[in-house]
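Numbering (this note's numbering), first residue to last: 554 to 828. Note that beta-carbon positions come from the ideal geometry of N, C-alpha and C, so glycine has one too. Remember, it's a predicted structure, so these values are computed and weren't measured experimentally. Written below as structure tokens is the structure these notes are about.
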Amino acid sequence: MTKSSKILKFFVYFFSILTLLSLVFVIAFVLIRGVPYIEPKLFSLKYTSENVSMFPAIINTLIMVLLSLIVAVPLGIMTAIYLAEYADKENKIVKVVRVTADTLSAIPSIVYGLFGMLFFVIYLKWNISLLAGAMTTAIMILPLIMRSTEEALIAIPQSLRDASFGLGAGKVRTIVRIVLPTAMPGILAGVILGIGRIVGETAALLFTSGTVAEVPKKIVGPASGGRTLALHMYALSSEGMNVNQAYATGVILLILILLINGLSTLMANKLGRNK
554 MTKSSKILKF
564 FVYFFSILTL
574 LSLVFVIAFV
584 LIRGVPYIEP
594 KLFSLKYTSE
604 NVSMFPAIIN
614 TLIMVLLSLI
624 VAVPLGIMTA
634 IYLAEYADKE
644 NKIVKVVRVT
654 ADTLSAIPSI
664 VYGLFGMLFF
674 VIYLKWNISL
684 LAGAMTTAIM
694 ILPLIMRSTE
704 EALIAIPQSL
714 RDASFGLGAG
724 KVRTIVRIVL
734 PTAMPGILAG
744 VILGIGRIVG
754 ETAALLFTSG
764 TVAEVPKKIV
774 GPASGGRTLA
784 LHMYALSSEG
794 MNVNQAYATG
804 VILLILILLI
814 NGLSTLMANK
824 LGRNK
């Protein structure tokens, strides 16, 4: 092994260990500060100034994730299928779409929040609502799901498609029965990353879904806003009177993300074995 290879190997191991230690430190810090303050009253059905319940925020988070995925996943997957399977790779419009998607992925979330407030809240008159927040986060994760799905489809060997065509299957049947199931682990990886961004989002939702600490009776219209877990934690910490409860909320948020990621990974592995 050459000297440069040894140096490169050292840096790879060093930064890998540093990344792992950083993750362990963050998780340990949140658990140590938050676990002692997890109490039954934090899961009350109604939020009050005495119990600062996070239960409405948990429900709002699940609703936000569901609404966002209903919009972003079909659009992202269908766009990726067109770009990977139908579009001319040298087409200038296709290249512009890819560059645009990459650019949208790098835009700060607060910019999305301002756009969502101006378009969904003010122009469409949806008011501060869960639907306005969900549409904003759907736009945020759409480029991520689209690009990850496209890369997963491109990675499928052409020989699988040719074998399907040779057996008499058409283009659509090949994509639905062969390509998509084979690429499903990669597609779900993008969906998992999108879910993580939705659950942890604060800036965009601050302008669109609001910080009302209750479960709204409807998803759009007056008095239909609600805070998610991340916004709940932000509100508690910014007020300065319930910082310990904010750490407890961080523990529940961490557990929720791990559960969602774990279930999604199990689904991806199961689909991968049954393809």
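The C-beta distance from V583 to G803 rounds to 5 Å, short enough to meet the 8 Å contact threshold. Per DSSP, reduced to three states, the secondary structure at S701 is helical.
Counting only residues of its own chain and dropping the five nearest sequence neighbours on each side, F760 has a CB closer than 7 Å to the CB of G666, L667, G669, M670. Separation of F564 and T572 (C-alpha to C-alpha, rounded to the nearest whole angstrom) is 12 Å. Across the set T764, E754, K770, R730, the C-alpha of E754 shows the shortest separation from the C-alpha of I810. Under the three-state reduction of DSSP, S712 is assigned to helix. Around the C-beta of T555, fewer than 16 other C-beta atoms lie within 10 Å, and the residue is accordingly described as exposed. In the DSSP assignment, T653 falls within the alpha helix (DSSP H) that extends over 645-659. Per DSSP, the unbroken alpha helix (DSSP H) holding L746 starts and ends at 733-752.
Per DSSP, the continuous alpha helix (DSSP H) segment holding I616 begins and ends at 608-634.
Cβ contact annotation for S682 (same chain, cutoff 7 Å, sequence separation greater than five): S762, I772, V773, G774, S777, G778, in chain order.
Partner residues in the beta bridge of S682, as assigned by DSSP, are S777. Rounded to the nearest angstrom, the gap between the Cα atoms of L806 and I751 is 12 Å.
Apart from sequence neighbours up to five positions away, the residues of its chain that approach G629 with a beta-carbon distance below 7 Å are L695, I698, M699, T702, ordered along the chain. 9 Å or more divides the Cβ of M631 from the Cβ of Q798. The way I'd put it, the segment 643-652 doesn't touch the segment 736-747; fewer than three beta-carbon pairs between them come closer than 8 Å. Here A722 carries a coil assignment [DSSP, helix/strand/coil].
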